[in-house]
Amino acid sequence: MDKKYLFKRNSVWWVKVAVPSKFREQFGFDLRQSTGEKDLDKALLMRDSIVSDLKSKFLGSNAEDKSTKDFLKKTDISDPQYFHKVVDCQYACPAHTNVPEYIRLIAQKKYTDAYMLNWESNVFPGILGRTCDRPCEPACRRTRTHDKPVAICRLKRVTYDNKGDIEDLIPETPKVKNGMKIALIGGGPASLTVARDLLPLGYDCTIFEKDSKPGGLMRTNIPSFRLPESVLDEEVYRIIKMGADLKTNSYIEDLEPLIKDFDAVFIGSGAPKGKDLNLPGREEAKENIHIGIDWLTSIAFEHTKEIGKKVLVIGGGNTAMDCCRSAVRLGAKEVKVTVRSPFNKMKASDWEIEEAMEEGIPILDNTSPKEFLLDEKGKLCGMKFDKMIMKDIDGSSKLVPSGEEVVYECDDVLLAIGQDNAFPWIRKDIGIEFGEWDMPIVDKTTMQSSHPKVFFGGDAAWGPENIIWAVSHGHQAAISIDNFCSNVDLNLRPDPITNLVSQKMGIHEWSYDNDISQAKRFEVPHADLSKALDDLKMEVELGFDEKLALEEAQRCLNCDMQTVFEEDLCIECDACVDICPTDCINFIDNDTEQEIRGKLRVPALNLDQSLYVSGELKTKRRMVKDEDMCVHCGLCAERCPTGAWDMKKHKYIEGHTLNNKIKVKEVA
Amino acid sequence: MSFIKPINHHPRLEQNKLGLTRRDYEGAISTLCAGCGHDSISACIIEACFQLNIEAYKVAKLSGIGCSSKAPAYFLNQSHGFNSVHGRMPSVATGANCANGDLLYLGISGDGDSASIGIGQFIHAIRRQINMVYFVENNGTYGLTKGQFSATNDLESKNKYGEDNLFKPIDLASMAIQLGASYVARSFSGDRDQLIPLIKGAIQHKGFALLDIISPCVTFNNHDSSTKSYDYIRNHNEAVGKTDFVPLGEEITTSYKSGSSVEVNLHDGSKIALEKVNSKFDPTNPGNSLSYIREKSEEGKLLTGLLYFDESSEDLHETLNLTKTPLNQLKQGELCPGEKTLEKINESLS
C-alpha cells in the first residue's frame, strides 16, 4: 500500500512533509501532524488534506512569483542537525544514542566502552537491548540500500552481555549536596533517568515507588522470560546506588504536601490503569477475568502462580503477546489470542507476534468480543465473538460485523486492550491543569506542567509509549529541573556536543572499516522451546554470541562517517561521480529543489532525505549529493585528487544536564 | 579501510533495453591516479554503451602501452580485450577487424602510443579506413615515465619541473582529416555532456572514427603553466556547436535556428544533429574543417566537437571485399569449395 507521507508512532498514523531548504530555518526539516487514526485506511483518507495544509505553510508564498525561484542554497553543515539527520538510526532514537559508534566499538571487541556509550544516552542498555521498541531499526539506511536493518537492538544487548566491570566508570555523586530536593514519583525508567542525570550534580533525589521493588512497568509488565530479573536489578539498582533515596511501598495519596516539601516534583507514574471490557457477563464472571497488566504484575511479584487450562487473551498489542506467552508458562494448555482488527493491523511489534506464534499460540483476527458466557454454576465457560469484515461504507473501508458469530471455550480471560492514565492522587485545585481525556497539560520541550514546580515524563505525560521515550523525557525533564532550580529560563536548552574529524590517515588509509558485509540480517538464537515453555523465568532469546555479533556488526554502513565537500578545492574532474557505487553525486546547474531532485543521475524521490548542496563551482554548477542512498564507503574521498571530498566522523551527543551546567554558569 | 567498490547499487538505477544498468558495463576499479581524465572517459564509454544497449560480448577493447592503455581494464569487463605492444594497437585492430567484422572495435590509445612510437601505425589504420572507434586519451605528457613532454604538447607549455617545451605539437585531429578519416571529433574529458553523444555517434559510424580527447594528467600536467590542465581547457575550449545523437526511430526534439543545424544519417538509421555556432564552419568539407581548426588554434582556442564527418566513404571490408561472416564461423564447405571449383580455377589459369 502507498504509505507516502505517513509514519506510525505509538500505533497512531502521522503525516510528515519534508520542508524545502529555504524554509528550514523557519519550520525545521519537516512538518508533522497526527491523523489521530490508528487505522491505516482512515489515515489514508485524511492524508491528502493534511499534506496540502502543511505544504501551504511554506508553498503559499512562492507559488505566485516564479521570477524569483528559490534556488538551492549551500548546505549549512555547521548546523549539528544536518549530519545528525544523515545518521538515520541516531536521529530516529528518542534518546539519540550514537549507534554507529557503539557498533564500531563492538566490532573492535570494546564491549565495555560500547556499553558505557549506550548507558550515557539510554541509561538501560541491558534492558533496552532486550525490550526496546527499536524506532532505530525501521529507520536504518540498510532498509533502503539493501534489505533488512542492522539488528541494532540485539547488538545493544551484546554490549551488556560482554561488558567488563564498569563500577569505576559510573559518575560519582558529590558528597556535598547542592541543597536542592527533588521528589520523583514512580520508580520506572523516566524517574530513574531523571535521578541519574541529577544525582551527579548534587541534587537530593527521593523516589517514591508504590510496589516493593523499583523498575515500574519494566518489572511489572515485562515477563522475565523476555527480561531476566538479574538484568533489570543490575541496571535499576545501579542508579539507586548512585545515591537516590528509594522509598518502596510508598503510594502517594496526595501530591500537594510533596510540592511544599520539595524544590521540584517529577511525575513518572506511568499509565497504570488497564482498560476493562464491559460486556454482558462481565460482573458475574469477574473471578476469571483479569486485567492484563495487573495480572502480569501479580506474576512478577509471584502472587499469581497458576491459570486455567483454556485461556483467551483479548487484544492485539504487546501486552497481549506477553499475556499469552505467560499463560502458556503458567500451565495453560490451550491459549488463543483474539484481535478485533485484521492481522496486518495489529499493534504489537512484528517480532513479538512472531515469537508468540512460534510458541504455538494461534492469533484469531477479525474477532470482536461480544459476551462472556457462564455455565450452569455461574462460572465463566467461554466467550462469544462477532467475526468482523472490512466493508466499504461511504467511500471508506470500515470494520463491521459479518453476521457470523463464534464461541470459544475458556476458563480464564485476560484483557489486554489498552491502558489509561490515572491521577486520582492529584487534586484538581493545586494548580496542575488537565486537558483532553484528563491528561495533564505538559510542555513538549520542557516537560513542565502548568504548575512550575511539577514536571511530567514517561507514560504519565502523554499516555503509553515505550521505555526509550520515557528515557528521553527523563533527560529533558532533568535539564528543566536543573534550570528551574538554578533560576535559568527553561527554554534555554543545552546545545548538543558535536565534532567533525577527518578520518584520513594517509594514501589509501582511512581510520574506519568500509568493507561492509553484504550478508543478510543474522537471526538471534533462541532457547530450546520445550524447556522454555515450562519455565516462566527462562530467557527465550539467547542473544548473539561473539561470532554472530561481530558478523552482524559488520553490516553497519557507518552513516556517521560523513562525506564532507569543499568546493574551493574541487577541479570538477568527475572522479567522484564515476566511482560512487550508488550514483549519489551530481554536478548540476542550480535550480529549485523540486527541479533538481528530478534531474539527478537517479532522481531523488525520498523527500525525507536531504540534498547536500555545495556553493558555486568554477563552471557555475553545484555539487548536489542525494543523502538517501549513500553507503558511506568513502570512495568519493578516496578518488578525489585534491581532497575536496573528505570522510569525517560526525560525533553528536544530545545536550544533557552535564553540559547544561556550563550554560548555567555562563548565565549566572 | 579497504579500497573496495561495494557491489550494491541504487535500487532505482535506470535499466536499458537489455535490462542492464550502467553498473553492468563497469570494469575493475581503476588504479589510475585519482582525478585522472582517463577515468572520466571510461565512465563516458560506459554510459554510451549503456545507452546504446550494446551487448558487451560483441565488443573488443584494444590497446597499446601507457596510462591510457591500462584503461580498458576499467570498463566493459565482459568484453574481449587485447593489450598489445607499444604503438601496435592499430595492427592488432586491423587483423582482428579483417577476421571478424561483427565486433565493435574500441581502440584505446594515448598521445605517446599514437603520436610518437605508433604514429606510422596510426596513419595506416586511418588510410585503410578500419571500421573502429579510435580513442586518443591525450594528456600531452608521458605520465607513466614521470612527466616528459609528449608530441602533442603545445609549444608555449612548460612541464611540471618548469622546463619549456621546444617543439610544436602534432594535431592528431587535423592529421586524421587529411588522411581521410570519416569521423573526426575532439572533446574534453571534463565535459561529459559533449563527449557522450560524440562517442555514441562514433560507435554507430561506419568507418574510422577518431576521438581526440584532451584528458588532463592530474599528477604531471595539471599545473598553472600547462595547456592541458582542467582550468586551461575550461578557459580555452571553443565548441563548434552542440552535438546530439539521435537513436533510430526517435525524432529530433531540439529546435535549432534555421540554417544553423546540420544533420547526418548514420548507416544504421540513427542520426547526428549538430547545432553550429558559426556559419563559416562546414563539418562536411575537409578543407573547411582544417582551416577552421587552424584559425581557432591561432586565436589560442581549442576547437572541440564533431570536426569532420563523411558517411559515404567505404571501409576496409568493402574495399577488400572481405567475407561478411566472421572467420571463426565459416564452415568446412565454405572454406573448401571442392575439387570441381579447383579444376575451374586451374583451367582459367592455363
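From first to last, the protein sequence lines are chains F and Z.
Using the working numbering, you'd call the opening residue of the first sequence number 5 and step up by one each time.
Using the working numbering, you'd call the opening residue of the second sequence number 22 and step up by one each time.
Positions of the beta carbon are idealized from the N, C-alpha and C atoms, including for glycine.
On a predicted model such as this, the values are computed, not experimentally measured, just so you know.
Shown here for S228 of chain F: same chain residues with a beta carbon closer than 6 angstroms to its own, the five before and five after excluded, namely K541 in chain order.
Residue range C88 to K91 is occupied by the alpha helix (DSSP H) that includes S90 of chain Z.
DSSP places T264 of chain Z in the strand class (E or B) of the three-state scheme.
Separation of P456 of chain F and F212 of chain F (C-alpha to C-alpha, rounded to the nearest whole angstrom) is 20 angstroms. Close CB contacts of S254 of chain F within its chain, under the 6 angstroms cut and outside five residues either way in sequence, are with F212 (chain order). Against chain F, the CB of A55 of chain Z has a partner CB under 7 angstroms away; the residue lies at that interface. Note on M509 of chain F: under 16 other CB atoms within 10 angstroms of its CB, so exposed under the neighbour-count rule. Residue burial annotation: T340 of chain Z is exposed, with fewer than 16 other C-beta atoms found within 10 angstroms of its C-beta.
Listed along chain F, the residues sitting closer than 8 angstroms to I25 of chain Z by beta-carbon distance are N518, D519 and C637. For T162 of chain Z and Y95 of chain F, the gap between their C-alpha atoms comes out near 50 angstroms.
In the structure shown, L97 of chain Z falls within a coil segment according to DSSP collapsed to helix, strand and coil. Around the CB of G85 of chain Z, 16 or more other CB atoms lie within 10 Å, so the residue is classed as buried.
With the criterion set as a beta carbon lying under 8 angstroms from some beta carbon of chain Z, the members of the region 563-587 of chain F are I575, E576, C577, D578, A579, V581, D582, I583, P585, T586 and D587, in sequence order.
Within the region 28-46 of chain Z, the residues whose Cβ lies closer than 9 angstroms to any Cβ of chain F are, in chain order, I28, N29, H30, H31, P32, R33, L34, E35, R43 and R44. Contact check between the region 347-356 of chain F and the region 243-261 of chain F: fewer than three CB pairs, one atom from each, fall below 8 angstroms, which does not count as touching.
Nearest C-alpha to K113 of chain F among F:L554, F:D578, F:I592 and F:C640: F:L554. Neighbours of G211 of chain Z in chain F, taken as residues at a C-beta separation under 9 angstroms, are given in chain order as I575, E576, C577, D578 and T623. Taking 7 angstroms as the threshold, the shortest C-beta distance from P645 of chain F to chain Z falls below it.
Per the C-alpha coordinates, the member of F:K78, F:R28 and F:S25 positioned closest to V617 of chain F is F:K78. Each residue's CA atom was taken as its position, placing C88 of chain Z and E158 of chain Z some 9 angstroms apart. Exclusion of the five residues before and after S318 of chain Z leaves D192 and L324 as the residues of its chain whose Cβ lies within less than 8 angstroms of its Cβ.
Straight-line measurement puts the Cα of E291 of chain F at about 51 angstroms from the Cα of R497 of chain F. Taking the Cβ atoms as the reference, V23 of chain F lies roughly 5 angstroms from F31 of chain F, within the contact range of under 8 angstroms. Non-local C-beta neighbours of D132 of chain Z in its own chain, meaning closer than 7 angstroms and more than five positions away in sequence, comprise V157, N159, N160, G161, S171, A172 and T173, ordered along the chain.
Residue nearest to R605 of chain F within the set Z:R44, Z:P27, Z:I25 and Z:R315 is Z:R44 (criterion: CA-CA distance). In the DSSP assignment, T362 of chain Z falls within the unbroken alpha helix (DSSP H) covering E360 to L370. With 16 or more neighbouring CB atoms inside 10 Å of its own CB, T264 of chain Z falls in the buried class.
Counted as a single uninterrupted DSSP element, the alpha helix (DSSP H) harbouring G133 of chain F occupies residues P129 to T135.
Taking the Cβ atoms as the reference, G272 of chain F lies roughly 5 angstroms from G461 of chain F, within the contact range of under 8 angstroms. L328 of chain Z is positioned such that its CB atom lies no closer than 7 angstroms to that of A136 of chain Z. Residue contact with chain F for A94 of chain Z: absent (no Cβ-Cβ distance below 7 angstroms to any residue of chain F).
At a cut-off of 7 angstroms between beta carbons, T149 of chain F contacts chain Z.
Rounded to whole angstroms, the gap between the alpha carbons of C238 of chain Z and K181 of chain Z is 11 angstroms. For the pair of segments examined, the region 398-416 of chain F was found to touch the region 42-49 of chain F: the number of CB pairs separated by less than 8 angstroms reaches three. Checking the DSSP bridge columns, you'll see Q85 of chain F has no partner listed. Under the 7 angstroms criterion on CB atoms, A64 of chain Z is classed as interfacial with respect to chain F.
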